[in-house]
Amino acid sequence: MIAIKPSPVQPKFSFSEYDGITIGGQPFQYFETREKGHIFVNMTGERVPQVMTNAQISRYLAVGNFKCIPNEHQPEHLRARVLPDGDLLSLRGTKAHKKAAMRLAVVRAFREFLDDETNNITRTAASIRPYLRAIRFRAGEILEEGERGKEDDTFSVPKKLGAKTVLDWERKERRFGLAGLYDRNSERGNRDRRMTADELMIMGKVVGKYLNDQCPSQQIIFEEVKKAFADENDRRRAAGEPEIVCPSRETVRQAIRKLNPFDVTLARKGREAANRQFAPVGMGLDITRPMQRVEFDEWEVDAITLMAEGGLFHHLTDEEKKALGFLPGLSGRG
37 MIAIKPSPVQ
47 PKFSFSEYDG
57 ITIGGQPFQY
67 FETREKGHIF
77 VNMTGERVPQ
87 VMTNAQISRY
97 LAVGNFKCIP
107 NEHQPEHLRA
117 RVLPDGDLLS
127 LRGTKAHKKA
137 AMRLAVVRAF
147 REFLDDETNN
157 ITRTAASIRP
167 YLRAIRFRAG
177 EILEEGERGK
187 EDDTFSVPKK
197 LGAKTVLDWE
207 RKERRFGLAG
217 LYDRNSERGN
227 RDRRMTADEL
237 MIMGKVVGKY
247 LNDQCPSQQI
257 IFEEVKKAFA
267 DENDRRRAAG
277 EPEIVCPSRE
287 TVRQAIRKLN
297 PFDVTLARKG
307 REAANRQFAP
317 VGMGLDITRP
327 MQRVEFDEWE
337 VDAITLMAEG
347 GLFHHLTDEE
357 KKALGFLPGL
367 SGRG
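And the structure:
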């Protein structure tokens with residue numbers, strides 16, 4: 037496993053079949069990594085698989101529910117073997133290709149000045165600085181020559197191009213080829229759902245109790261969420277299943293804030309208060325003919341997450357869950 041210190045960038049992990057994995061106090065073996073996450077197989081009982089994303093692993097590590105001993109079960113004759121990175125440049129996006137082409141043009145321009153004996157330039161930042169403007173201009177010409185006849189715009193050379201940046205790009209291209217000019221900026225940020233479907237389902241059922249005419253406070257709802265997770269972990273320990281992680285107070289608060297404001301007012305204050313607060317203002321839209329005003333939007337939704345948060349997920353049968361892409365018995369999706 038790759039150990040990564042806390043960072044605003046989404047951590048990523050890699051495992052091998054010889055790593056010693058412990059999830060929620062239960063021994064697991066790494067099976068494979070798919071688009072939805074890493075798959076681990078329980079080493080005891082019925083060998084039930086567990087699917088976890090990088091975000092979920094990071095969250096379990098933070099609370100001590102995930103442990104990994106690299107190559108704990110690796111045979112002695114395989115200890116020194118190292119597998120290369122199989123990342124393919126062809127799978128990168130158009131923007132990444134244009135940025136790499138721009139950097140390659142800067143490298144080529146710098147080498148042209150470096151090969152010209154009339155220029156007093158070497159591979160040092162001090163000697164490069166007087167030529168930065170000329171390098172930028174020549175790199176722009178190289179980009180135009182390469183993109184001639186194409187409609188797409190090129191990635192422009194930065195105006196504040198630094199001498200150390202030119203040296204860094206040239207060194208990476210010389211050492212790794214074109215692959216050295218690609219970065220991973222597009223992969224920054226945390227895009228994974230940190231909570232599993234089981235955790236969302238339990239939290240969603242309790243958060244729904246906020247819609248009550250007794251007007252329970254957010255603190256009461258949070259205490260009930262903690263109790264529900266404690267009861268579920270007791271059941272999981274008895275069944276030999278990995279434990280789940282209770283959400284924080286802020287996570288529960290945000291889940292409550294996601295509730296429909298009209299439903300909250302209707303359940304807690306009554307219909308008259310809801311109608312008074314959310315009644316339309318004035319005459320509304322003045323529409324005189326069909327199709328005069330058309331509004332539409334398109335966006336992808338995670339049906340499992342929405343149903344789990346809304347308390348509908350536990351009403352589905354195993355066949356219906358499988359049709360939605362959720363494998364019964366897993367806390368993640370395969």
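Under the numbering used here, the first residue of the sequence shown is numbered 37, with each subsequent residue one higher.
Where a beta carbon is used, it is the ideal one built from N, C-alpha and C, also for glycine.
Note that the coordinates shown come from a computational prediction; the quantities given were computed from them, not determined experimentally.
Give a yes or no on whether the minimum CB-CB distance between Arg169 and chain C is below 7 Å.
Absent here is chain C; the protein component of the structure consists of one chain.
By the 10 Å Cβ neighbour count, where 16 or more other Cβ atoms means buried, how is Ala359 classified, buried or exposed?
exposed
The segment 171-185 / the segment 238-254 touching (three or more Cβ pairs under 8 Å):
no
Can you tell me the Cβ-Cβ gap for Thr58 and Lys103, rounded? I've got them flagged as a contact below 8 Å.
4 Å
Assigned secondary structure, Ile57 (DSSP; H/G/I helix, E/B strand, else coil):
strand
How about Ile75 and Pro85: do their beta carbons lie closer than 7 Å?
yes
Taking buried to mean at least 16 other C-beta atoms within 10 Å of its own C-beta, is Ile323 buried or exposed?
exposed
By the 10 Å Cβ neighbour count, where 16 or more other Cβ atoms means buried, how is Lys357 classified, buried or exposed?
Lys357 comes out buried.
Can you give the Cα-Cα distance for Val202 and Tyr218, rounded to whole angstroms?
14 Å
If we count the other Cβ atoms within 10 Å of its Cβ and call it buried at 16 or more, is Ile105 buried or exposed?
exposed
Mind checking which residues open and close the alpha helix (DSSP H) that includes Gly176?
168-182
With contact counted as at least three CB pairs below 8 Å, one residue from each stretch, are the segment 275-283 and the segment 232-245 in contact?
yes
Can you check which of these residues, Glu82, Met88, Phe49, Phe258, is closest to Arg230 by C-alpha distance?
Answer by Cα proximity: Met88.
Please classify Asp354 as buried or exposed, where buried requires at least 16 other C-beta atoms within 10 Å of its C-beta.
exposed
Mark Ile38 as exposed unless 16 or more other C-beta atoms lie within 10 angstroms of its C-beta, in which case mark it buried.
Confidence at Ile38 is low in this model, with a pLDDT of 44, below 50, so its placement is unreliable and the value that follows should be read with caution. So Ile38 ends up on the exposed side.
Minimum length 4: unbroken alpha helix (DSSP H) runs contained in the segment 225-268:
233-243
Could you check where the alpha helix (DSSP H) with Ile292 kicks off and where it finishes?
285-293
Beta-carbon contacts of Asn107 that lie in its chain and below 8 Å, excluding the five residues immediately before and after:
Ser52, Tyr54, Asp55, Arg115.
Supposed close pair Asn155, Phe149 - CB separation, criterion 8 Å
5 Å
Taking its Cβ as the centre, do 16 or more other Cβ atoms sit within 10 Å of Gln290, making it buried, or is it exposed?
exposed
Report yes if the C-beta distance between Val77 and Arg83 is below 7 Å; otherwise report no.
yes
Quick check: what's the CA-CA separation for Arg312 versus Leu302?
Those two C-alpha atoms are separated by around 10 Å.
For Glu345, which residues from the same chain have a beta carbon less than 6 Å from its beta carbon, with the 5 sequence-adjacent residues on both sides left out?
Leu236, Gly240
Here's the rule: buried if 16 or more other CB atoms are within 10 angstroms of the residue's CB, otherwise exposed. What is Thr232?
buried
Can you tell me the Cα-Cα spacing of Ala199 and Gly73, whole angstroms?
41 Å
Tell me whether Gly100 sits in a helix, a strand or coil according to DSSP, three-state version.
coil
Under 7 Å between the Cβ atoms of Gly379 and Asn101?
This structure does not reach residue 379, given that the chain is present from 37 up to 370, and the question cannot be answered.
How far does the alpha helix (DSSP H) with Gln313 in it extend, from its first residue to its last?
Following the DSSP letters along the chain, one finds Gln313 inside the alpha helix (DSSP H) bounded by residues 307-314.
Beta-carbon proximity check, Val298 vs Ala310, cutoff 7 Å:
In the sequence on display, residue 298 carries Phe and not Val. Going by C-beta atoms, Phe298 is nearer than 7 Å to Ala310.
Whole angstroms is fine: what's the gap from Gly347's alpha carbon to Gly244's?
8 Å
Helix or strand or just coil, what does DSSP make of Phe149?
helix
Please state whether DSSP places Ile280 in a helix, a strand or coil.
Ile280 falls in the coil class under three-state DSSP.
Roughly how many angstroms separate the alpha carbons of Gly361 and Asp234, rounded to a whole number?
14 Å
Our contact map puts Ala136 next to Leu214 with C-beta atoms below 8 Å; I'd like the distance itself, whole angstroms only.
7 Å
Cβ pair Phe49, Asn90 closer than 7 Å:
yes
Is the beta carbon of Trp205 sitting closer than 7 Å to the one on Val300?
Pairing Trp205 with Val300 gives a Cβ-Cβ distance that is not under 7 Å.
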